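Quick mapping for you: the protein sequence lines, in order, are chains A and B. So for the first sequence, this note's numbering puts the first residue at 82; every next one is plus one. So for the second sequence, this note's numbering puts the first residue at 82; every next one is plus one. A virtual CB, placed ideally from N, CA and C, is assigned to each residue, including glycine. The model shown is predicted, which means the values in this text are computed figures rather than measured ones. Down below is the structure, laid out as structure tokens.
There are 2 protein chains.
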Amino acid sequence: MSRRKEKYQRLADCSCDRIRRSARQVTQLYETMLREVGIKPSQFTILATLANSGTIALSPLADQLMLDRTGLTRNLAVLERNGWVRIQPGPHDQRQRVVALSNLGFDKLDQAIPHWRRAQQALSKKAGETTLVDLRENLLKISKQLS
Amino acid sequence: MSRRKEKYQRLADCSCDRIRRSARQVTQLYETMLREVGIKPSQFTILATLANSGTIALSPLADQLMLDRTGLTRNLAVLERNGWVRIQPGPHDQRQRVVALSNLGFDKLDQAIPHWRRAQQALSKKAGETTLVDLRENLLKISKQLS
DNA sequence: TGACATAAGGTGTATATACACATAAAATTG
DNA sequence: CAATTTTATGTGTATATACACCTTATGTCA
């Protein structure tokens, strides 16, 4: 394989690949914990955000979650099917749809919180609290610089 | 909304959500740069890995990439359709399939590298080199602790 | 007010990620 | 060597992510 050169070895330093790998691993840890209550990490995040925001239209919710709007639509369809959120036409603007956590959604969130906490603690224990704090700080910094 | 309490505000400190957001943002930066040569970040990573590994069976490749094996299968199907990789039955083990970069794949990789470098540099510039180095270090540390 | 621009949202399509389950080949073992 | 176990891989299914394009409602301005 004459084309296998040192030149290609540096490609391993890809920051995109690096963060994606870690994100997959962390996600799997949280999925394992949250699976016990039948909820996914991304669903948990949406429920938690809705618990704080109250009724909110789709686009500002997507902004707040830094999520793609079209992906949010489809994710919310699942949450609605599960009865965790209510989606209604916007009260003033007929283009809007506003979403809010239902009582069932609050229940599911309450039920999930202890498992989420276990995931947070497990990650902290495995990664080391200092490393994790530094990491989160740097991730936040980078997020702000990229938005 | 009587159930909107401080209790839910702490949920914003989710490490899983934090890393996933940043991963999305970083991925989008790389996608923007790599789109010009018609290749995705994850495809780039696979091509780069294959350039270094040479012919390799699917499972060890998935291990090396820390990728789900079944996802790799489907990703490779696209790469094969594009003519960037060759997939053949394993020479000794009839269960295996071994994959290798084709000449077209090396060409595509060579073509993509300058754009990937631009993405790396853009990220470094936006995030700050120090922050980025720290981040990568912590990500690597966490990856090792979680694997 | 009517024409046009803008904003909110949905749909189609492609890839990414992960798990449960299925199949076939190879390895092991009695 | 035949039966069983393990290994390598594929398939079905569900969700995640992103972009291009479409529709409809709202806003703007001549």
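Under the 8 Å Cβ criterion, the region 128-139 of chain B counts as touching the region 181-191 of chain B, having at least three qualifying pairs. Residues of the region 175-188 of chain A whose Cβ lies closer than 7 Å to any Cβ of chain B, in chain order: 187. Within chain B, no residue has its CB atom less than 8 Å from the CB of residue 143 of chain A, the nearest being about 12 Å off. Linking residue 192 of chain A to residue 223 of chain A through their CA atoms gives a straight-line distance of about 32 Å. Listed along chain B is no residue with a C-beta nearer than 7 Å to that of residue 140 of chain A; the closest approach is about 17 Å.
In the same chain as residue 149 of chain B, and ignoring 5 residues on each side of it, the C-beta atoms closer than 8 Å to its own belong to 143, in chain order. The CB of residue 122 of chain A comes closer than 9 Å to the CB of 95, 97, 98 and 101 in chain B, given here in chain order. Taking CB atoms only, residue 106 of chain A has a neighbour in chain B less than 9 Å away. DSSP lists no beta-bridge partner residue for residue 193 of chain A. For residue 217 of chain B, the chain A residues whose C-beta falls within less than 7 Å of its own C-beta are 96 and 99, listed in chain order. Cβ atoms of residue 126 of chain A and residue 98 of chain B come within 8 Å of each other, at about 5 Å. Taking a cut-off of 8 Å on C-beta distances, the region 187-206 of chain A touches the region 98-116 of chain A, as three or more cross pairs fall below it. Taking the CA atoms as reference points, residue 186 of chain A sits about 31 Å from residue 102 of chain A.
For residue 197 of chain B, a Cβ of chain A is located within less than 9 Å of the residue's own Cβ. Using a CB distance cut-off of 9 Å, residue 169 of chain A does not count as an interface residue toward chain B.
With 16 or more neighbouring CB atoms inside 10 Å of its own CB, residue 189 of chain B falls in the buried class. Residue 228 of chain B counts as exposed, since fewer than 16 other C-beta atoms from the protein chains shown sit within 10 angstroms of its C-beta.
If you ignore the 5 residues before and after residue 114 of chain B, its C-beta comes within less than 6 Å of the C-beta of 196, 199 and 200, all in its own chain and listed in chain order. Runs of the alpha helix (DSSP H) spanning 4 or more residues and lying entirely within the region 122-206 of chain A occur at 122-134, 139-146 and 150-162, in chain order. If you draw a 10 Å sphere on the C-beta of residue 130 of chain A, you find 16 or more other C-beta atoms in it, and that means buried. Between the C-alpha atoms of residue 210 of chain A and residue 218 of chain A there is a straight-line separation of about 12 Å.
The C-beta distance from residue 156 of chain B to residue 123 of chain B rounds to 7 Å, short enough to fall under 8 Å.
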